[in-house]
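Chains as they are written, first to last, in my numbering: chain G, 298 to 503; chain W, 4 to 244.
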């Protein structure tokens, strides 16, 4: 969440005080992305340093200091709004990493790992859905922010489902993981059998 | 009190080499006023679980209790009465009768239970109004949108103040907004009307409406969600500091 640009957006409506900006930020983002006071004031200082806002110059830094957006600030806001965020490279997703690693750990049950993550994510979704249902009926901003979170978490569950289906298919096809091979090996022979060449290549691609 | 209880229910089809185990010792409870979602991929046994819970099929082993009463030993007539008066079903493809209006579809279970068409019409209309479809009462299914048809199906499943609603992918054919609306209706019926709902779905967004989510894999209950912390804990200011 770009606090800088959220503050510029609020100032594009007209001059505001620091405290007012903090309160409006929380109201607009439905408290999904809460801020502390210090974060608001330091961000405002940087915006002023960069020439995107001007302060009334009176008094000390803090809740009562007034701010307004400059022409440069307006341009920066417009540029930010119309610039898509960089989604071109996959994020380093810890959950994905854990499932991938579980495939290689002989003692790990990849199904149990997948299910532990699935349950956690669904529990989170239950909590967000409850918040949306309880509080957000009339609050458009909060509903939109929670919807975004629900769709994001939903995509995680879908990936876990797809991953599990893929693991099941691989087991059915006989193309087992290292962990499966280690488990099926005799107790005295727990060394890892190298994967067939085409499986190694697949892993490199992943 | 448990409105529905499955005790170590198993279901197999076929014999010998052709035997298929659809459910393995599934135990599940749904309390009065509770909404339980059963989540699992295709072929995990979700629909079999629902038909057994609804007394439409007999388990191979194990026991089903509805409102504390075992249904395994009761007569076919008693079971049929249970299905007409206590249990309501919602299907993915609505299963409305095309030749009947929305109101006639909703009041049909009451007529089948012996009420005259005139007397059944009143609760039928009330059910439609409760779901915001009062003005669509005289429309036929093909004159209704997908979302409206599913709401009619829910009204039909709930008519006569039935206590247990079993829904099989109730919003599978609907877009996201309508699917959410269907889940909101079901949750309302549980929280305000004291109904118990068991909803099977593969969709996590829909399952997240439930009080509890039970995970089914290969005919086995593998896991379930635990009572989550209060929702406000997701909104504490410390999150982003």
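Ideal Cβ placement from N, Cα and C applies to all residues, glycine included. Here the structure is a predicted model, which is why all the values come from computation and not from measurement.
What does the Cβ neighbour count give for residue i, buried or exposed, with the cut at 16 atoms within 10 Å?
{"i": "residue 22 of chain W", "result": "exposed"}
{"i": "residue 172 of chain W", "result": "buried"}
{"i": "residue 14 of chain W", "result": "buried"}
{"i": "residue 250 of chain W", "result": "What is shown of chain W runs 4 to 244, which leaves residue 250 of chain W out entirely."}
{"i": "residue 346 of chain G", "result": "exposed"}
{"i": "residue 398 of chain G", "result": "exposed"}
{"i": "residue 429 of chain G", "result": "buried"}
{"i": "residue 310 of chain G", "result": "exposed"}
{"i": "residue 151 of chain W", "result": "buried"}
{"i": "residue 391 of chain G", "result": "exposed"}
{"i": "residue 335 of chain G", "result": "exposed"}
{"i": "residue 376 of chain G", "result": "exposed"}
{"i": "residue 180 of chain W", "result": "exposed"}
{"i": "residue 16 of chain W", "result": "exposed"}
{"i": "residue 163 of chain W", "result": "buried"}
{"i": "residue 500 of chain G", "result": "Residue placement at residue 500 of chain G is poorly supported in this model, since its pLDDT is 44, which falls under 50; the coordinates are not used for a value here."}
{"i": "residue 313 of chain G", "result": "buried"}
Relative to the C-alpha of residue i, which candidate in the options has its C-alpha closest?
{"i": "residue 60 of chain W", "options": "W:82, W:186, W:42 and W:71", "result": "W:82"}
{"i": "residue 412 of chain G", "options": "W:125, W:219 and W:11", "result": "W:219"}
{"i": "residue 31 of chain W", "options": "W:152, W:17 and W:49", "result": "W:49"}
{"i": "residue 113 of chain W", "options": "W:97, W:102, W:130 and W:93", "result": "W:130"}
{"i": "residue 226 of chain W", "options": "G:415, G:440 and G:443", "result": "G:415"}
{"i": "residue 66 of chain W", "options": "W:51, W:12 and W:41", "result": "W:12"}
{"i": "residue 422 of chain G", "options": "W:207, W:176 and W:203", "result": "W:207"}
{"i": "residue 27 of chain W", "options": "W:187, W:161 and W:223", "result": "W:223"}
{"i": "residue 427 of chain G", "options": "W:74, W:148, W:194 and W:168", "result": "W:194"}
{"i": "residue 72 of chain W", "options": "W:10, W:124 and W:214", "result": "W:10"}
{"i": "residue 166 of chain W", "options": "W:185, W:187, W:120 and W:197", "result": "W:197"}
{"i": "residue 4 of chain W", "options": "W:182, W:148, W:181 and W:70", "result": "W:70"}
{"i": "residue 169 of chain W", "options": "W:180, W:87, W:137 and W:111", "result": "W:87"}
{"i": "residue 409 of chain G", "options": "G:341, G:469, G:458 and G:305", "result": "G:458"}
{"i": "residue 139 of chain W", "options": "W:116, W:103 and W:122", "result": "W:103"}
{"i": "residue 344 of chain G", "options": "G:299, G:379 and G:320", "result": "G:299"}
{"i": "residue 424 of chain G", "options": "W:212, W:6 and W:7", "result": "W:212"}
{"i": "residue 325 of chain G", "options": "G:440, G:385 and G:338", "result": "G:440"}
{"i": "residue 89 of chain W", "options": "W:161, W:147 and W:190", "result": "W:161"}
Can you give the beta carbon distance from residue i to residue j, rounded, assuming they're within the 8 Å contact cut?
{"i": "residue 159 of chain W", "j": "residue 134 of chain W", "result": "Actually they do not touch by this definition, with Cβ atoms about 10 Å apart."}
{"i": "residue 100 of chain W", "j": "residue 108 of chain W", "result": "6 Å"}
{"i": "residue 393 of chain G", "j": "residue 418 of chain G", "result": "Contact flag wrong, Cβ pair sits at about 13 Å."}
{"i": "residue 44 of chain W", "j": "residue 55 of chain W", "result": "19 Å between Cβ atoms; not a contact."}
{"i": "residue 200 of chain W", "j": "residue 210 of chain W", "result": "Going by Cβ atoms, the distance from residue 200 of chain W to residue 210 of chain W rounds to 12 Å, so no, they are not a contact pair."}
{"i": "residue 128 of chain W", "j": "residue 156 of chain W", "result": "The Cβ separation is near 16 Å, so there is no contact."}
{"i": "residue 323 of chain G", "j": "residue 332 of chain G", "result": "7 Å"}
{"i": "residue 301 of chain G", "j": "residue 340 of chain G", "result": "6 Å"}
{"i": "residue 349 of chain G", "j": "residue 373 of chain G", "result": "5 Å"}
Looking at the unbroken alpha helix (DSSP H) that takes in residue i, where does it start and where does it end?
{"i": "residue 24 of chain W", "result": "That residue, residue 24 of chain W, is in no alpha helix (DSSP H); its beta strand (DSSP E) goes 23-34."}
{"i": "residue 81 of chain W", "result": "79-88"}
{"i": "residue 215 of chain W", "result": "Looking at the DSSP string, residue 215 of chain W is not in any alpha helix (DSSP H); the run it does join, the beta strand (DSSP E), is 215-220."}
{"i": "residue 395 of chain G", "result": "391-399"}
{"i": "residue 322 of chain G", "result": "315-325"}
{"i": "residue 372 of chain G", "result": "368-379"}
{"i": "residue 301 of chain G", "result": "300-308"}
{"i": "residue 108 of chain W", "result": "105-115"}
{"i": "residue 332 of chain G", "result": "Looking at the DSSP string, residue 332 of chain G is not in any alpha helix (DSSP H), and its letter there is neither H nor E."}
{"i": "residue 2 of chain W", "result": "In the structure as shown, chain W starts at 4 and stops at 244, and residue 2 of chain W therefore has no counterpart that could be examined."}
{"i": "residue 208 of chain W", "result": "207-210"}
Please state whether DSSP places residue i in a helix, a strand or coil.
{"i": "residue 50 of chain W", "result": "helix"}
{"i": "residue 65 of chain W", "result": "strand"}
{"i": "residue 2 of chain W", "result": "Residue 2 of chain W lies beyond the residue range present for chain W, which begins at 4 and ends at 244; the question has no answer from this structure."}
{"i": "residue 122 of chain W", "result": "helix"}
{"i": "residue 176 of chain W", "result": "coil"}
{"i": "residue 384 of chain G", "result": "coil"}
{"i": "residue 170 of chain W", "result": "strand"}
{"i": "residue 165 of chain W", "result": "coil"}
{"i": "residue 127 of chain W", "result": "helix"}
{"i": "residue 73 of chain W", "result": "strand"}
{"i": "residue 351 of chain G", "result": "strand"}
{"i": "residue 57 of chain W", "result": "coil"}
{"i": "residue 402 of chain G", "result": "coil"}
{"i": "residue 102 of chain W", "result": "coil"}
{"i": "residue 91 of chain W", "result": "strand"}
{"i": "residue 311 of chain G", "result": "coil"}
{"i": "residue 486 of chain G", "result": "Any reading at residue 486 of chain G is ruled out, since the residue's pLDDT is 46, under 50, leaving its predicted position unreliable."}
On the DSSP letters alone, give me the boundaries of the beta strand (DSSP E) that residue i sits inside.
{"i": "residue 8 of chain W", "result": "5-16"}
{"i": "residue 3 of chain W", "result": "Coverage of chain W is limited to positions 4 through 244, which leaves residue 3 of chain W absent and any answer about it impossible."}
{"i": "residue 504 of chain G", "result": "For residue 504 of chain G there is no data in the structure shown, the boundaries of chain G being 298 and 503."}
{"i": "residue 201 of chain W", "result": "199-204"}
{"i": "residue 224 of chain W", "result": "223-227"}
Just to make sure I have the definition right: I need the residues of chain C whose C-beta is within less than 7 Å of the C-beta of residue i. Which are they?
{"i": "residue 185 of chain W", "result": "Looking at the structure shown, chain C is missing, and the protein chains on hand are G and W."}
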